[in-house]
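Q: Here it is, the structure, as structure tokens.
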Amino acid sequence: MHGHGMHGHGVHGHGLGHHASYEELGPGEDLVNHHMLRTTRGNRQYDVPQIECPPADDGMERFACPTPDHMGRYRCIDDHVLCDGFIDCPSGEDEDRQACMFYKTTKAHLDLLADALLRWARGR
1 MHGHGMHGHG VHGHGLGHHA SYEELGPGED LVNHHMLRTT RGNRQYDVPQ
51 IECPPADDGM ERFACPTPDH MGRYRCIDDH VLCDGFIDCP SGEDEDRQAC
101 MFYKTTKAHL DLLADALLRW ARGR
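Just so you know, the sequence shown maps onto residues 1 to 124 in UniProt numbering.
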């Protein structure tokens with residue numbers, strides 16, 4: 001049997017329930033203090049930042065930039081600033097060319113799917 005016993009691998013390290021909380025640093029300061037989790041997958045160690053960002057004023061979900069600023073804090077950004085031509089993350093990951101190409105093509109497909117689903121749901 002090929003691949004026997006391999007099911008379920010690759011999910012270790014998720015859902016551990018350790019979330020870093022954010023600290024409000026005043027208006028306009030979308031920065032997060034956090035801690036790193038050490039998880040061992042095989043014998044390779046991964047740093048897994050699990051950061052909860054407070055929602056935006058309009059209730060939209062916000063996401064933490066993948067690398068911290070020089071103070072070790074993680075910046076929270078709105079999803080609509082991803083790949084908008086302006087650098088919002090301290091290391092500029094929100095404008096990474098390869099990631100943005102994937103993001104934009106995937107988002108275009110998802111927008112079409114969501115639109116079709118809504119039309120289908122209304123027509124039932």
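All residues carry an ideal CB built from backbone N, CA and C; glycine is no exception.
#1: Suppose the cutoff is 8 Å on Cβ atoms and the five residues either side in sequence are ignored; what does the same chain contact list for Leu118 look like?
#2: Do Ile77 and Asp84 have their CB atoms nearer than 7 Å?
#3: Give the list of continuous beta strand (DSSP E) stretches no shorter than 3 residues that lie fully inside the segment 57-83.
#4: Relative to the C-alpha of residue 125, which candidate in Gly72, Gly92 and His80 has its C-alpha closest?
#5: Please report the straight-line C-alpha distance between Thr105 and Ala64, rounded to a whole angstrom.
#6: From this set, Pro90, Pro54 and Asp111, which residue's C-alpha is nearest His70's C-alpha?
#7: Measuring CB to CB, does Pro68 end up less than 7 Å from Glu93?
#8: Would you report the Cα separation of Ala116 and His80, rounded to the nearest angstrom?
#9: If you count every other CB in all the chains shown that lies within 10 Å of the CB of Leu82, and 16 or more means buried, which is it?
#10: I need the straight-line Cα distance from Tyr103 to Arg122, nearest angstrom please.
A: Looking at the coordinates:
#1: none
#2: no
#3: Counting whole runs of 3 or more residues, the segment 57-83 contains the beta strand (DSSP E) stretches 62-64 and 74-78.
#4: The requested residue 125 does not occur in the structure, where the chain is confined to residues 1 to 124.
#5: 22 Å
#6: Pro90
#7: no
#8: 22 Å
#9: If you draw a 10 Å sphere on the C-beta of Leu82, you find 16 or more other C-beta atoms in it, and that means buried.
#10: 28 Å
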